[in-house]
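First comes the structure, then the notes that go with it.
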Amino acid sequence: MNATTKDLYIACPNPDCEGKVEVPAETEVGEILVCDECGIDVEVMTVNNDDVSLEVFEDEEEDWEE
Ligand SMILES: [Zn+2]
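Reminder that position 38 of the sequence shown reads as 37 in the numbering used here, one-by-one numbering, no gaps.
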């Protein structure tokens, strides 16, 4: 399984944000991270030899009722 091997700082996918998202070591595809700069949730789309791509995580606004 692909996972990062070291801490990385990847440019925030939010076009209004110039910050970087901290991607801790052992982050895997599908994990949700938070940008310290703008507070947005970002999803890890791919991990490839410590080259990580991120996308803004779309909140689907589903109501989970119990
Ligand atoms: Zn940001």
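Even glycine gets a Cβ: it sits at the ideal position worked out from N, Cα and C.
- Here valine 46 is not near valine 55, since their CB atoms are 8 Å or more apart.
- Lysine 19 carries a strand assignment under DSSP once its states are collapsed to helix, strand and coil.
- Setting aside the 5 residues that flank it on each side, alanine 24 is surrounded in the same chain by Thr3, Thr4, Lys5 and Asp6, each with a C-beta closer than 7 Å to its C-beta; the list follows chain order.
- By the Cβ neighbour-count rule, isoleucine 31 is exposed, with fewer than 16 other Cβ atoms within 10 Å of its own.
- Our two residues, glutamate 60 and cysteine 34, have alpha carbons roughly 20 Å apart in a direct line.
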